[in-house]
Amino acid sequence: MNYNLNNLPERTSKPREQGYTMVMDKGLSIREVESFLEVGGEYTDIVKLGWATSYVVPNLRKKLDAYKAAGIPVYFGGTLFEAFIIRNQFDDYRRLLSEFDMEYAEVSDGSIDLKHDRKLEYIRTLAQDVKVLSEVGSKDAEKIIPPYKWISQMKTELEAGAIKVIGEAREAGNVGLFRSTGEVRSGLVEEILTQIPFEKILWEAPQKAQQVWFIKLLGANVNLGNIAPNEVVSLETIRLGLRGDTFTHFLDMDAVDEDFKPEKPTGKPGTSMPRG
22 MNYNLNNLPE RTSKPREQGY TMVMDKGLSI REVESFLEVG GEYTDIVKLG WATSYVVPNL
82 RKKLDAYKAA GIPVYFGGTL FEAFIIRNQF DDYRRLLSEF DMEYAEVSDG SIDLKHDRKL
142 EYIRTLAQDV KVLSEVGSKD AEKIIPPYKW ISQMKTELEA GAIKVIGEAR EAGNVGLFRS
202 TGEVRSGLVE EILTQIPFEK ILWEAPQKAQ QVWFIKLLGA NVNLGNIAPN EVVSLETIRL
262 GLRGDTFTHF LDMDAVDEDF KPEKPTGKPG TSMPRG
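See below:
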């Protein structure tokens, strides 16, 4: 860091097991990747090439090389995996991962109907070659999955070999874990956390209010994903309590000078405040 500030929450160091920031690259140019890495590379743990953008983006190998040179692993979005398997091209997908020397793969079923047993087979098979991130939840806003199914699927996908499970939210943060307004389905999240260790979950949370909610619930080292490249530094300040949304969350307010503490209300509820 550029200077010292006391009493900040401790952040885990890369390579991390918890405290992930997963960035979504929705089609950055090589120059944009380099600019992003100059500022946000230190705070980025992994990059997802969103949905099937890797199929159409020019200079894919150069982009992957730029991330690799910065020590940041990359993986293809789960929608690309789904595009391959629905066309009966799973073996082609495995060859693709090998051809581009990918260390990670995402297994998802957010856009297709896939029997869960078969999804587990894909996870087991890919886990022999790469580190698997499996996504739970649907991209269909009308498809509401009850909490017990989220928990059951997360458990079995971790047991099948996934290193982390991803809570679906799409790039907009308005399905899956969230209502169409972007509001967190807090009951769902809290129920999931009764059964699944928080360090094993990567919550897609592209909106600032969603990031703040998870950080206040689970601390600075919660795993968050689908972060826009230009929001990575902003997110790090939220994690550290250096933005208004979490400014006092990590402070010991008992140790703060009295002049900086909020004034305590006087008077009884329902009565007018005394005038001075």
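Residue numbers (our numbering): 22 to 297. For glycine and all other residues, C-beta sits at the position ideal for the given N, C-alpha and C.
Contact between the stretch 150-164 and the stretch 122-140 is present: three or more C-beta pairs spanning the two stretches fall below 8 Å. Distance from the CA atom of M45 to the CA atom of N25, rounded to whole angstroms, is 31 Å. Under DSSP, T42 forms a beta bridge with L245. The DSSP-derived three-state label of F97 is strand. Cβ-Cβ distances below 8 Å link L223 to Y41, M43, L154, K185, V186, I187, G188, N244, L245 and G246 in the same chain, with the five nearest sequence neighbours on each side left out; the list follows chain order. The C-beta separation of F121 from L70 comes to about 10 Å, leaving the pair out of contact by the 8 Å criterion. The residue from L263, T267 and T202 with its alpha-carbon nearest to that of W234 is T267.
Taken atom to atom, the span from the alpha-carbon of L179 to that of Q110 is near 24 Å. Under the three-state reduction of DSSP, W72 is assigned to coil, being neither helix nor strand.
Cβ-Cβ distances below 6 Å link L147 to A126 and V153 in the same chain, with the five nearest sequence neighbours on each side left out; the list follows chain order. Ranked by Cα distance from K237, the first of G262, P94, P218 and Q216 is G262.
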